[in-house]
Amino acid sequence: MNIEPVYSSLDYPKKMALVLFTPGCDIRCKFCHNPQLIKYDTLNKMEVELIKDEVDENIDFIDAIVLSGGEPLLHLDVIKQFIAQAKDADLLIKLDTNGLHPDKLIDVIDDIDYVAMDIKAPLDKYYKITDIYPNDVKERIEKSIDIILSHDVFLECRTTYVPGLLTPEDVETIVSQIRCNQYTLQQFRNRATYDVSLLSVDEPNPEELHDILMSIDTNHIPSLHLKSGQFGNQKIK
Ligand code: SF4
């Protein structure tokens, strides 16, 4: 399994970041673009040390670390080590999470600067995206949102739009169910997917996604973004 950190200027807005991947996930999104990673659930001591060495060696060239996966909160003890290392070096810390672990999130939120939380589907319709999910998705997501916003941490919620799995009405419902600083609709990419039948599904046209966002009437989310392979990350309104 390859869990090598990746340098990115796209994963933390306007910052150069080192993205650290942790293996394993407790759900199985059909569109998951990291299917190899989610099948494993352990990180051995040597892998952890290698990642820490990579951060140490490049500390002068990065502004932030991004804890990604998989689901990083499944490895609370390990990510606490990465967080401590980043804090010592005055780096910013972003967490990518599926939002289903508020009990663990509360343990690290004081040290996090930015959370990107996936909202897979309307909170009562996760069955559209994954066959495995907890039966209290709505409560968990709402609790995570409460924790993040009550700690004044920037919250981006994001949804991957897969034609045939979600509809424009689903996106409207999602937006009405959440609170965040920014909502991002992401274009589904068909290059690697957990459910291989999605490899033959066409990627949605950015114009179609733009129209979906433009049709949403919301006053409670300050900004709506679209992320696509063609145009990158665009602020729509
Ligand atoms: S997309 Fe994210 S939440 Fe979904 S299975 Fe993959 S790692 Fe887990």
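Quick note: the sequence shown, position 134, residue 165 per my numbering, numbers continuous. Glycine is no exception: its CB is placed at the ideal position from the N, C-alpha and C atoms. Keep in mind the model is a prediction, meaning the values are calculated, not measured.
Exercise. Taking all protein chains shown into account, do 16 or more other C-beta atoms lie within 10 angstroms of the C-beta of residue 68, making it buried, or fewer, making it exposed?
Worked result: The residue labelled residue 68 in the question sits at position 37 within the sequence shown. By the 10 Å Cβ count, residue 68 comes out buried.
For this session: Let me know if residue 101 comes out buried or exposed under the rule of 16 or more other beta-carbons within 10 Å of its beta-carbon.
Result: Looking up residue 101 in the sequence shown gives position 70. Its Cβ being crowded by 16 or more others within 10 Å, residue 101 is buried.
For this session: Please go through the same chain and pick out, in chain order, the residues whose beta-carbon is closer than 7 Å to the beta-carbon of residue 63, but skip the five residues on each side of it.
Result: Along the sequence shown, read from residue 1 onward, the residue named residue 63 stands at position 32. Cβ within range, chain order: 69, 224 and 225.
For this session: Identify whether residue 158 lies in helix, strand or coil by the three-state DSSP scheme.
Result: Working through the sequence shown from its first residue, we reach residue 158 at position 127. Looking at residue 158 - three-state DSSP - the assignment turns out to be helix.
Exercise. Would you say the beta carbon of residue 102 comes nearer than 7 Å to a heavy atom of ligand 1?
Worked result: Indexing the sequence shown from 1 puts residue 102 at position 71. Yes.
Exercise. Would you say residue 151 and residue 160 are within 8 Å of each other, going by their C-beta atoms?
Worked result: Residue 151 sits at position 120 when you count from the first residue of the sequence shown. Residue 160 sits at position 129 when you count from the first residue of the sequence shown. Yes, the pair counts as a contact, with Cβ atoms nearer than the cut-off.
For this session: Determine the contact status of residue 98 and residue 138, defining contact as a CB-CB distance below 8 Å.
Result: On the sequence shown, residue 98 is found 67 positions in, with the first residue counted as 1. On the sequence shown, residue 138 is found 107 positions in, with the first residue counted as 1. Against a cut-off of 8 Å, the Cβ pair of residue 138 and residue 98 comes out as no contact.
Exercise. For residue 226, is the beta carbon positioned less than 7 Å from some heavy atom of ligand 1?
Worked result: Taking the first residue of the sequence shown as position 1, residue 226 is located at position 195. Checking the Cβ of residue 226 against ligand 1 gives no.
Exercise. Taking 7 Å as the cut-off, is the CB of residue 211 close to at least one heavy atom of ligand 1?
Worked result: Along the sequence shown, one-based indexing puts residue 211 at 180. Residue 211: no, Cβ never under 7 Å from ligand 1.
Problem set entry | Cβ contact check for the region 170 to 182 and the region 115 to 125: 3 or more pairs under 8 Å | no
For this session: Leaving out five residues on either side along the sequence, give the residues of the same chain with a beta carbon under 6 Å from the beta carbon of residue 175.
Result: For this step, residue 175 is matched to residue 144 along the sequence shown. Correct list, in chain order: 130, 133 and 136.
Problem set entry | Simplified DSSP state of residue 149, which is helix, strand or coil | By one-based count along the sequence shown, residue 149 stands at place 118. Strand at residue 149.
Problem set entry | At least 3 beta-carbon pairs within less than 8 Å: the region 200 to 207 vs the region 141 to 155 | yes
Exercise. Within this structure, are the beta carbons of residue 93 and residue 122 separated by less than 8 Å?
Worked result: Within the sequence shown, numbered from 1, the residue matching residue 93 stands at position 62. Within the sequence shown, numbered from 1, the residue matching residue 122 stands at position 91. Closer than 8 Å, so yes.
For this session: State whether the region 211 to 219 contacts the region 241 to 254, with contact taken as three or more CB pairs (one from each stretch) at a distance under 8 Å.
Result: yes
For this session: Could you tell me the boundaries of the beta strand (DSSP E) in which residue 64 lies?
Result: Residue mapping note: residue 64 aligns to position 33 of the sequence shown, counting from 1. Premise fails: residue 64 is in no beta strand (DSSP E) and is neither H nor E.
For this session: Identify the continuous beta strand (DSSP E) that holds residue 86 and give its terminal residues.
Result: Reading the sequence shown from its first residue, position 55 is the one you call residue 86. From DSSP, residue 86 is part of no beta strand (DSSP E) but of the alpha helix (DSSP H) over 76 to 88.
Problem set entry | Runs of beta strand (DSSP E) lying entirely within the region 190 to 268, each at least 3 residues, in chain order | 213 to 218, 254 to 259 and 263 to 266
Exercise. Taking the Cβ atom as the reference point for each residue, do residue 192 and residue 208 lie within a distance shorter than 8 Å?
Worked result: Counting from one through the sequence shown, the residue named residue 192 turns up at place 161. Counting from one through the sequence shown, the residue named residue 208 turns up at place 177. Going by C-beta atoms, residue 192 is not nearer than 8 Å to residue 208.
Exercise. In chain order, what residues of the same chain have a beta carbon less than 7 Å from the beta carbon of residue 60, not counting five sequence neighbours either side?
Worked result: Locating residue 60 in the sequence shown gives position 29, where the first residue counts as 1. Cβ neighbours of residue 60 beyond the five flanking positions: 151, 160, 161 and 225.
For this session: For my contact list, residue 84 and residue 103 are in at a C-beta cut-off of 8 Å; report their separation, rounded to the angstrom.
Result: As a working mapping, residue 84 is identified with position 53 in the sequence shown. As a working mapping, residue 103 is identified with position 72 in the sequence shown. Going by Cβ atoms, the distance from residue 84 to residue 103 rounds to 19 Å, so no, they are not a contact pair.
For this session: Measure the C-alpha to C-alpha separation of residue 146 and residue 265 and round it to an integer number of angstroms.
Result: The sequence position of residue 146 within the sequence shown is 115, counting from 1. The sequence position of residue 265 within the sequence shown is 234, counting from 1. Whole-angstrom Cα-Cα distance: 19 Å.
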